[in-house]
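To convert, note that position 118 of the sequence shown is 118 in UniProt numbering; the numbers rise steadily by one, no gaps.
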Amino acid sequence: MTLDKIDLGPLERALVNSLQRLDPDASPVLLACAALLCSALEKGDVCLPLRRIAGLRPWADQPFSLPGLHELLDALNASQLVGPAGSFTPLIMVGERLYLARYQAYEQQLAEQLLARCSDIPPVDEAVLSASLTRLFAFNSQQPDWQRLAAAQAVRRKLAVISGGPGTGKTTTVVRLLAALLEQPDSGHLAIGLAAPTGKAAARMAEAIRNAKAQLPVSDAVKAALPEEARTLHRLLGSRGDSPQVRHNAANPLPLDVLVVDEASMVDLALMAKLVDALAPSARLILLGDKDQLAAVEAGAVFAELCEGRGFNAQAAADLQRITGQQVAVEQPRSKLGDAVVLLTHSHRFAGDSGIGELARRINGGDVPGTLKVLREGREDLAWIETPTPNDLLVRLEQGYAGFLQAAKSVDPAAAFAAFNTFRALTAQREGPWGVSGINEALEARFKRRLQVASRERWYAGRAVMVRQNDYALGLFNGDIGICLMTEHGLRVVFEAEQGFRPFAPARLPSHDSAFAMTVHKSQGSEFNQVLLALPEQPSPLLTRSLFYTGITRAKNKVEIWGLPVRLAEAVSTRAERAAGLAERLQNGVQAPAAPVQTPAATPAGNQLDLF
């Protein structure tokens, strides 16, 4: 049997055709595994676990079945297109995992460089560090003070991974740990860089650090040395849209002594590998994120895999107690990263009696009965509509945005943005009546009738939009929110800026969508006074624990959930796990050398994956 009659996507078909050109005698089993591997990459997996597909019929409408695991492994190993790590073959086999060569190289290269960075201990004046931490974290009373411990480890290591949920003080921690680092003897003029995956996240990070450093109990010289600008990772690395290569790499490293990356849970494997490769061996890397949030859209869940290895052995615990006065539990590290990983656990946003905080804990624990119980307790900051209908949802959303539409009638952008950020609708998916497209279309039709705007008009005062692609010339980035207002020059779409607001003629905007409803993925890193989370009526692979957690924790004061009990139960009980081998490599160390990352001679137009 051939794969000609199978309805493959464009990426799968492109890969299969490439492999057939390299080996016209390639077996249907190998080509089927390659197509399934490409599909797995599009869904976020880094590799294809062969045990998962052995003996199955991959395409329900075709009689083709894969052999059992041992036969499958033998068939793949017999092909000239498959080789072990270090081979110059398009497909790489590691144990029972099948990789595209490029992604196996990314994963192994990243593991090697993280382990090398983690084992390189820089010199530290512990007395000065102890005094700095005592002064900088004097406001914290909780025991143990994980912010202080995270700062201590970041100064004492060339790699620091700091994870924490909303309100746990990641920005507070990082600005103080940078100050402690600058107070070290012989720190000199450290070149410190700030970066994030998106322009919106980078701007928010820079603003938070500018605000936080003004209150620091440090000298003016230290304050002056703290950075105030942040860049997107793509811009930092010098990405080119027509190539997987970047300007900065091991041969041309970034001119930085310290790099802080915020929202690191959104960074995929390929980008993280390129980032670490572009850092000089002497540079420090500090990754901030939330291990429980949604992972990157592209392949890999790197930040979550790094956090799996946390743990303080007896020596690390004793060192930390000597420097910080904080006592931590001794726990055998689950990877060689070990004490480079610190979790911030105390939320300053959600108090102990917070319904949102309790709900988040229940969701992360996979506790379905506990989640439903909390939602039914009638807490002030939680609401649950168990039998939602699309029409009732639209009526509620129209009510939720009524104050914003009123504020948008004025020409005051500050008032419009303040009103818009008091309420936001989030969804799990883009399509369907419970998705972004359906909700925005139906809701805008209601708004136009209320505002007496012709249905054919795209632009009106009060339309909110989200930019979908970076435009460096305009200074607008993927995820930026704009509001259309009537000004003395006519309708203008206004965006928040570092100082005030920036208006643009609607025709100048890059690709964009209406933004009254947005996906949970797009909301990462944002926070709103009140959030309405609408879950689909039908089962969806997108409904996972991490999506549910991310959605509810965007709310500062109240979250309203519209979803059937069975959908909530499915979300809480479904843990999104991406197939990858990074955590295992960090646990066991790296043996075989990674194959050099080769750029294919040609890749299909529009291909978003690095095929080989």
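For glycine and all other residues, C-beta sits at the position ideal for the given N, C-alpha and C.
Inter-residue spacing [alpha-carbon to alpha-carbon] between residue 506 and residue 421: 21 angstroms
Opposing strand residues paired with residue 626 [DSSP bridges]: Limits of the chain in this structure are 1 at one end and 612 at the other, which puts residue 626 out of reach.
Length of the line joining the Cα atoms of residue 312 and residue 344: 14 angstroms
Residue 461 and residue 481 closer than 8 angstroms at C-beta: no
Three-state secondary structure assigned by DSSP to residue 513: strand
CB contact flag (residue 98, residue 76, <8 angstroms): yes
Top-ranked residue by Cα proximity to residue 25, from 446, 56, 61 and 78: 78
CA-to-CA distance, residue 120 to residue 368, given in whole angstroms: 43 angstroms
Residue 56, buried or exposed, once every other Cβ within 10 Å from all chains shown has been counted against 16: exposed
C-alpha gap between residue 310 and residue 450, whole angstroms: 54 angstroms
Bridge partners - residue 342, DSSP secondary structure assignment: 162
Residues near residue 232 in its chain [Cβ-Cβ closer than 6 angstroms; skip 5 each side]: 199 and 202
Residue 521, buried or exposed, once every other Cβ within 10 Å from all chains shown has been counted against 16: buried
CB-CB length for residue 180 against residue 162, believed under 8 angstroms: 14 angstroms between Cβ atoms; not a contact.
When 529, 573 and 538 are compared against residue 548, the one with the closest alpha-carbon: 573
Distance between residue 490 and residue 147 (C-alpha atoms, nearest Å): 49 angstroms
Supposed contact pair residue 45 and residue 578 - C-beta distance, whole angstroms, cut 8 angstroms: 5 angstroms
For residue 562, the first and last residue of its enclosing beta strand (DSSP E): 555 to 562
Continuous beta strand (DSSP E) assignments of at least 3 residues falling wholly in the region 403 to 429: 423 to 427
Inter-residue Cα distance where the pair is residue 591 and residue 86: Bear in mind that the predicted position of residue 591 carries a pLDDT of just 46, short of 50, making it too unreliable to give a figure here.
6 angstroms Cβ shell around residue 355 - same chain, five flanking residues per side excluded: 379, 381 and 382
Beta-carbon gap between residue 257 and residue 283 smaller than 8 angstroms: yes
With 16 other Cβ atoms within 10 Å as the buried cut-off, status of residue 488: exposed
Residue 424 and residue 528 closer than 8 angstroms at C-beta: yes
Inter-residue Cα distance where the pair is residue 142 and residue 173: 14 angstroms
Inter-residue Cα distance where the pair is residue 516 and residue 216: 38 angstroms
Alpha carbon of residue 104 to alpha carbon of residue 126, nearest angstrom: 39 angstroms
C-beta atoms of residue 107 and residue 580 nearer than 8 angstroms: yes
Sub-8 angstroms separation of residue 388 and residue 563 beta-carbons: yes
Neighbourhood of residue 16 by C-beta distance below 7 angstroms, restricted to the same chain and skipping five residues each side: 3, 8, 31, 34 and 35
Cβ pair residue 176, residue 137 closer than 8 angstroms: yes
Nonlocal neighbours in the same chain, by C-beta distance under 7 angstroms from residue 550, ignoring five residues either side: 293, 294, 520 and 524
Three-way DSSP call (helix, strand, coil) for residue 384 in this model: strand
Status (buried if at least 16 other CB within 10 Å, exposed otherwise) for residue 366: exposed
Contacts around residue 6, its chain only, beta-carbon distance under 7 angstroms, and the 5 residues preceding and following it disregarded: 59 and 62
Through-space distance from residue 554 to residue 122, alpha-carbon basis: 37 angstroms
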